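What follows is one structure encoded as structure tokens, with my remarks underneath.
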Amino acid sequence: MEELVRVEDLAIEFATKFGTVPALKGVSFTLNRGEALGIVGESGSGKTVACRALLKLIAANATVRSGRILVEGQDVLAMGDAELQRFRGEKAAMIFQNPSTHLDPIMPVWRQVGEAMVLHQGLRWREAKARAIELLRDMQITDPARRANAYPHELSGGMRQRVMIAAALACEPDLLIADEPTTALDVTVQAQILALLRRIRRERQLSLILVSHDLGVIAEMCDRVVVMKDGTVMESGTVEQILTAPRNDYTKRLIASQPSLMKPAVRKALEAPAHAAPRLAVEGLKVQFRSAQSLTGWLLRRPAHAVTAVDDLSFTLPRSGSLGIVGESGSGKSTVARSLIGLVASQAGRILVDGKPLGRLLQERPLAEQRKMQMVFQDPFLSLNPAMTVAATLAEPLRQHRLCSDREIPERLADLMAKVELPQNLLERRTTQLSGGQRQRVGIARALALEPEILIADEVTSALDVTIQAQILGLFERLRREMGLTLILISHDLAVVRYLCEQVAVMRQGKLVEYGPTEQVLTHPREDYTKALIAAIPRLSRRSDAAE
Amino acid sequence: MSAVTASRPQSRLGRIWGALPATLKVGGVIVLAWIALAVAAPLLTPFNPIKVDVVNMLKPPGGTYWLGADALGRDIFTRTLYGARADLMMAFFGVVGPIILGTIIGLLGGYFGGRIDMVLMRIFEITVSFPYFVLVIAIVAVLGPGLKSYFISLTLVNWVSYARLVRSEALVLRNADFVLAARGMGFSHLRTMLFHVLPNALVPPAVFVMTDAVLTIVLGSSLGFLGLGVQPPTPEWGAMIAEGANYLTTAWWIAVFPGLAICSLALGLSLVADGLARLLNTGS
């Protein structure tokens, strides 16, 4: 097989305020023509730096310490500007993670697709538009002639990613580099985009470098895989080889951390006496958002425009039970969490804890009832006050709810830190000085400070690396077992829910699509949407896929 | 002060000093130097800043009067040092009132939104719809000249700058996850606002306050020029420049030295503003 790309001993470092930080420490890999290579790694592994370097897209504060990048025998790093401009687009092109920030918001999409054709191939704009529309059609954009005139904000996330792929393919490159192309997308959309990439790769005999944190995506798409960590290649080989017989310890840990491979935690809700009320019962919950009333609308007595985010949702949870609420973006699953906590008012329905109805809004609930339900937020980088230390963050709820005297506070803090498996010496740190996983543990400890009976976890691991995710999920399971917590886990990831929850509720556009025991729903889904959702999960093994 | 010297960069003070932006260091030194000069003025000069001495009228720089003497024979060096007191006071108190009033209004409007915000923003718009200088001068003219009415008029007019900055921060922060988390734990609006929103909304006003202090000095000096600021014979840089303007061709030193004093203090404050912005935006 002919070799297309050869990266030799590539070392890149960044100059920062705190001295130079190595991003790549001697990385080597090769790609043969027509092959698909996956680069997998967690945040900070250098995978993005490596693939951007292939186009010599290197940040201003970065320097190449050593190494060569040969594409068809030509050293990319030695190219001048004019050469590079021809190389980018005609030989190799790139698609990025977030299509909403990588498309120009004030240019209609056909221009963004056609621009490269005009610049590289000397086409007239009119011809470029016709070819752009053809390309968009090939990307399975419906009604491409009309959509070509749309601006990026008028398109959905999946549609924008199709536009970005079309722009990358405009000059028929030999090599396509895709940096986390589906990470910002819903699973069902991800499945469509991956299918599209597979088809164009076959039809155009493209070579592909796919960078992802998700082993499942790589397993579905690639022939060979490079595992990276901290700027070095840990292991490389064929997908089968890496997945079935990993040699490196980190690779083994990475594979073991995949939620789809994690053995469901042993779980069993505590048997309640038959006559006792369930710990949490939600009956016919409905939440609507009204858009702000305009002055003319108010004068003309027009009703404000309302959007129903949650429509007639009901479920019950026994003591120490656990429910996973699954849905894609816009399904209303986060709104459910917020209305349970009382941050968002519901228009109809009741929330009962131990048989007693709760007030709709926080203000309407006595302090003791507010404590019963606590929430852990999605992004630990946003959910902790950056101006506070860990100790202040954890002590504040204790003081505000007068749960203990000031003298007991140090003891309580130590106890909370131990519960979430954090070392005591982090108490004096500012929350901004912690890693993502540590922050999320602080977020959990803060919720536990109020001794809740029900813990709501809203996408708590989606901002975390997969090995950290596995640790946090393990922590939740332990807390549930040891403290008898009732858990509501909101997630887009069925595999995460399968690990932690005995019941699952699938939501779509505010409505409950399917609700039942997790194993039953996952193995014998009744609804088409649930089936589509399950089918969209990237599988680690393609062979088992074929067998199904 | 050995901790600050470069020979021991590992010491705590040394590390903090080393991490500060250069503009902050230079600006800080200039501003602190002016404060020291203002405080120590009686120790640095043997002359009385307000005593009239007809013999030395319009004496050029050099000799006993380093920077010369003005039309009433008063030492320019002495008057510039004492003038720093009035101008630093104007810089400090001229921003304190606006920052307190503006922060309260901006925080309430941004955090609560809705009707409260609507009412506060209409007051805001009414205030900004008047020309800034004209409004300040009009209020001072009504209240009578002097520093006190100057501070009152600035508070009534200049709060809008801080309200705008704090409000735009609070608007974003009120939907931040950590603010929702604070609400979700049952904390009161007052607590959430003061401990979770406010500390994170203070960076832009903290940077702006330095620039604003410069504008405040210039405004105070302009009022002095118009006879509405500090009343003679109390030395104040703006008033000194106004007096010297009549003699610019014959006795340039009367206006030039207080002018240089204003420039250097203004430069120092804006360097501090730049340094603060760099420090607070990049490191945390």
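Note that the protein sequences, when read in sequence, are chains A and B.
Just so you know, the numbering used here puts 261 at position 261 of the first sequence, and the rest follows in order with no gaps.
Adding 1000 to a residue's 1-based position in the second sequence gives its number in the numbering used here.
Backbone N, C-alpha and C fix where the C-beta goes; we use that ideal spot for every residue, glycine too.
Please read these numbers as outputs of a predicted model, since none were measured by experiment.
Nearest C-alpha to residue 7(A) among 350(A), 330(A), 120(A) and 54(A): 54(A). Per the Cβ contact rule, the region 1241–1257 of chain B is not in contact with the region 1095–1112 of chain B (fewer than 3 Cβ pairs under 8 Å). In the three-state DSSP reduction, residue 322(A) falls in the strand class (E or B).
If you draw a 10 Å sphere on the C-beta of residue 1258(B), you find 16 or more other C-beta atoms in it, and that means buried. By the neighbour-count criterion, in which a residue is buried when 16 or more other Cβ atoms sit within 10 angstroms of its Cβ, residue 1196(B) is buried. Assignment of residue 99(A) by DSSP, reduced to helix, strand and coil, places it in the helix class.
Looking at 352(A), 433(A), 416(A) and 363(A), the one whose alpha-carbon comes closest to that of residue 380(A) is 433(A). Residue range 511–517 is occupied by the beta strand (DSSP E) that includes residue 516(A). If you keep only unbroken beta strand (DSSP E) runs of at least 3 residues inside the region 349–419 of chain A, you get 373–376. Per DSSP, reduced to three states, the secondary structure at residue 1197(B) is helical. Contact annotation: residue 224(A) and residue 211(A) have beta-carbon atoms that are not nearer than 8 Å.
Residue-level contact check: residue 401(A) touches chain B, since one or more beta carbons of chain B fall below 8 Å from its beta carbon.
A residue is called buried once 16 or more other Cβ atoms fall within 10 Å of its Cβ, and residue 363(A), having fewer, is exposed. The three-state reading of DSSP puts residue 149(A) in coil, since its state is none of H, G, I, E or B.
Going by beta carbons, residue 1091(B) and residue 1216(B) fall inside the 8 Å limit. With 16 or more neighbouring CB atoms inside 10 Å of its own CB, residue 385(A) falls in the buried class. Along the region 1079–1153 of chain B, the alpha helix (DSSP H) occurs as fully enclosed runs of 4 or more residues at 1114–1128 and 1132–1143, listed in sequence order. Straight through space, the alpha carbons of residue 487(A) and residue 478(A) are spaced by roughly 12 Å. For residue 17(A), there is no enclosing beta strand (DSSP E), as DSSP marks it with neither H nor E.
Between the region 282–290 of chain A and the region 330–349 of chain A, the count of C-beta pairs closer than 8 Å reaches three or more; the two stretches touch. Assignment of alpha helix (DSSP H) within the region 456–496 of chain A, counting only whole runs of 4 or more residues, yields 466–483 in chain order. Note on geometry: alpha-carbon atoms of residue 328(A) and residue 302(A) lie some 32 Å from one another. Closer than 8 Å to the CB of residue 1184(B) there is at least one CB belonging to chain A. DSSP places residue 226(A) in the strand class (E or B) of the three-state scheme. Residue 209(A): member of the beta strand (DSSP E) spanning 207–212, first to last residue. By the Cβ rule, the region 82–100 of chain A counts as touching the region 150–168 of chain A, because three or more pairs are nearer than 8 Å. Between residue 1224(B) and residue 1242(B), the beta carbon gap of about 6 Å places them in contact (Cβ cut-off 8 Å). Residue state for residue 61(A) is assigned as coil, using DSSP reduced to three classes.
Ranked by Cα distance from residue 1042(B), the first of 1077(B), 1157(B), 1068(B) and 1106(B) is 1077(B). Here residue 233(A) is bridged, per DSSP, to 228(A).
Cβ-Cβ distances below 7 Å link residue 334(A) to 458 and 490 in the same chain, with the five nearest sequence neighbours on each side left out; the list follows chain order. By the Cβ neighbour-count rule, residue 1158(B) is buried, with 16 or more other Cβ atoms within 10 Å of its own. By the C-beta criterion, the region 26–41 of chain A is judged to be in contact with the region 206–221 of chain A, since at least 3 inter-stretch pairs fall below 8 Å. Contact annotation: residue 5(A) and residue 13(A) have beta-carbon atoms that are not nearer than 8 Å. Nearest in C-alpha terms to residue 1279(B), of all of 1011(B), 1013(B) and 1017(B), is 1017(B). Taken in chain order, the complete alpha helix (DSSP H) segments of 4 residues or longer contained in the region 129–206 of chain A are 144–147, 157–169 and 187–204.
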